[in-house]
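These notes concern the structure reproduced below.
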Amino acid sequence: MMSQEEVRLEYLWVIVVVSMLSAFIVSLVYVGVAKGFWTPEEVVTCDVKKLDEFIEPGIRELEPGVYEVNIVARRWFFEPGSTQPIVLENPRKIIFRITSADYIHGFEIVGTPVNVMIFPGYIAEVEWIPPKNLQGEFLVLCNEYCGIGHSNMRGILIIKR
Ligand code: CUA
244 MMSQEEVRLE YLWVIVVVSM LSAFIVSLVY VGVAKGFWTP EEVVTCDVKK
294 LDEFIEPGIR ELEPGVYEVN IVARRWFFEP GSTQPIVLEN PRKIIFRITS
344 ADYIHGFEIV GTPVNVMIFP GYIAEVEWIP PKNLQGEFLV LCNEYCGIGH
394 SNMRGILIIK R
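Heads up: the sequence shown begins at 244 in our numbering, then just goes up one per residue.
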């Protein structure tokens, strides 16, 4: 039989647990809605053996300030990104289209919400609207273990204003 005091403590802990869970859910909704941290927008399939037909590595300016950046990830570099930096002038919106030629890789632009897994056979499409004052050099990392060269698989994104 629980004493009056024990019952009171039980209720207290129920309230503590429920408030913590509520705080977690509220913070998740907040970063999603207010800060714009979203999951990848779209995933499209492609044939790894005929990558040329699906993706042409490089940067295309679709309209002023709107860039499409097509990237092929492979052991152990991003093209473009590692071979040469991705340089964008005054981007308003960046659409990354990324696929892998061999294995599962990651594509993370450190310090930004852009962070996606790259699967062979799929083109990950990520739309990013960088803050207007954001500029400089950004490190791009592979964050999925992809073999002996994984820790050196990186690239550079340069935003000029
Ligand atoms: Cu590519 Cu780790």
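From the three backbone atoms N, C-alpha and C, an ideal C-beta is built for every residue, glycine too.
Spatial neighbours of residue i in its chain, beta-carbon cut-off 6 Å, leaving aside the 5 residues before and after
i, result
"leucine 331", "Tyr310 and Ile402"
"lysine 336", "Val309 and Ile372"
C-alpha gap between residue i and residue j, whole angstroms
i, j, result
"valine 260", "phenylalanine 280", "26 Å"
"glutamate 257", "serine 246", "Here residue 257 turns out to be valine, not glutamate, going by the sequence shown. Each residue's alpha carbon lies about 17 Å from the other."
"valine 364", "arginine 317", "Note that residue 364 is glycine in the sequence shown here, rather than valine. Answer to the nearest angstrom: the Cα atoms are 13 Å apart."
Contacting residues, own chain, Cβ-Cβ under 8 Å from residue i (five flanking each side not counted)
i, result
"isoleucine 366", "Val286, Val287, Thr288, Cys289, Phe297, Ile298, Arg340, Ile341 and Thr342"
"valine 357", "Phe339, Phe350, Glu351, Val369 and Trp371"
"glutamate 427", "Any answer about residue 427 is impossible in this case: the structure gives the chain only from 244 up to 404."
7 Å Cβ shell around residue i - same chain, five flanking residues per side excluded
i, result
"proline 334", "Gly308, Tyr310, Pro373 and Ile402"
| said: Residues around ligand 1, please: the condition is that the C-beta lies closer than 5 Å to some non-hydrogen atom of it. | reply: His348, Cys385, Cys389, His393 and Met396
| message | Any contact between the segment 373–391 and the segment 296–309? By contact I mean 3 or more CB pairs, one from each, below 8 Å. | response | Taking 8 Å as the limit for Cβ pairs, the verdict is that the segment 296–309 does not touch the segment 373–391.
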